[in-house]
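Residue numbers (this note's numbering), protein chains in the order written: chain B, 1 to 111; chain R, 112 to 225.
Below is the structure:
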C-alpha cells in the first residue's frame, strides 16, 4: 500500500523567512503526490501535485515542491513565508482510487 | 460556484441515535468520498463512490453506511452513533482517477456524540 509520512508535527518560522514542510513517501510503482492546505474550520484546499516531468512543481499561493526520487521525498517550500500561510498542511499519495494522507504539519508564521 | 456543500455544519447526538450527513457537488464529478479527520491522524477514508449507484469501503467503514442515488449527492449514515464517531467529517469529489485531478473538499461537518 502507498503511504506518506510527515516527520514534523509543527514548523515555526518568522515572516519573510523560507518555509519548508517535509514529506516522505512509500509507493510501489510511479508516485502521484499532492499537497493540500487546511485553514481553521475549512476543508482542504489543493496546492499542487506531482505526476511526472519536472522535479520542481509550482503551485498556488507561491508554494512549490521538490520531488526527489532517490530520497523518496516531496517537500513543500515557499521562499518567503507570510503570516497568512499559518495553517495545517497535508501531504498525500494516490493509491488506486484513494488518497492516503499524512498526519499533517501545523505551520505557524510569526510576524 | 458552490463546489462541495455539506449539511449540516454542526451536530450533537446522543449515543445510539442515528443521522445522515448530506454532501452535494455541482461540478459533475464522477467520484465522491467521505473522510473523517481526527487530531494527529490526518484524514481517513470511510467510504467512496466511483459513480451513481456504486459505493465501496475505505479504510474505516465500520459503523457507517453510504448511498449515491444521484450523481451529485453522496450520503453518509450513522445507524447507531457511538462516542468513537465524534469527529469532523469531510466530503470530497473529483473527476475520474485517470485524469489525476485533485479532490475538492467541503468545509466539514463537526459531529459530537455524547
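Note that CB positions come from ideal geometry on N, CA and C, so glycine has one too.
Keep in mind it's a predicted model, so treat the numbers as computed, not measured.
Asked	Found
Between the region 51 to 70 of chain B and the region 1 to 13 of chain B, do three or more beta carbon pairs fall short of 8 Å?	no
List the residues of chain R whose Cβ lies closer than 7 Å to the Cβ of residue 46 of chain B, in chain order.	213
Are the region 23 to 35 of chain B and the region 72 to 81 of chain B in contact at 8 Å, needing three or more beta carbon pairs?	yes
Identify whether residue 80 of chain B lies in helix, strand or coil by the three-state DSSP scheme.	coil
Could you check whether the region 169 to 185 of chain R touches the region 131 to 139 of chain R, counting it as contact only if at least three pairs of C-beta atoms, one from each stretch, sit closer than 8 Å?	yes
Output the residue ranges of the beta strand (DSSP E) runs that lie fully inside the region 47 to 74 of chain B and measure 3 residues or longer, sorted by chain position.	56 to 58 and 64 to 68
Shorter than 8 Å from the beta carbon of residue 98 of chain B to some beta carbon of chain R?	yes
Taking the alpha-carbon positions, what's the residue 13 of chain B to residue 19 of chain B distance?	7 Å
Nearest CA to the CA of residue 45 of chain B: which residue from B/28, B/35 and B/17?	B/35
May I ask which residues mark the beginning and end of the beta strand (DSSP E) holding residue 103 of chain B?	Unbroken run through residue 103 of chain B: none, as it is neither H nor E.
Determine the contact status of residue 196 of chain R and residue 204 of chain R, defining contact as a CB-CB distance below 8 Å.	no
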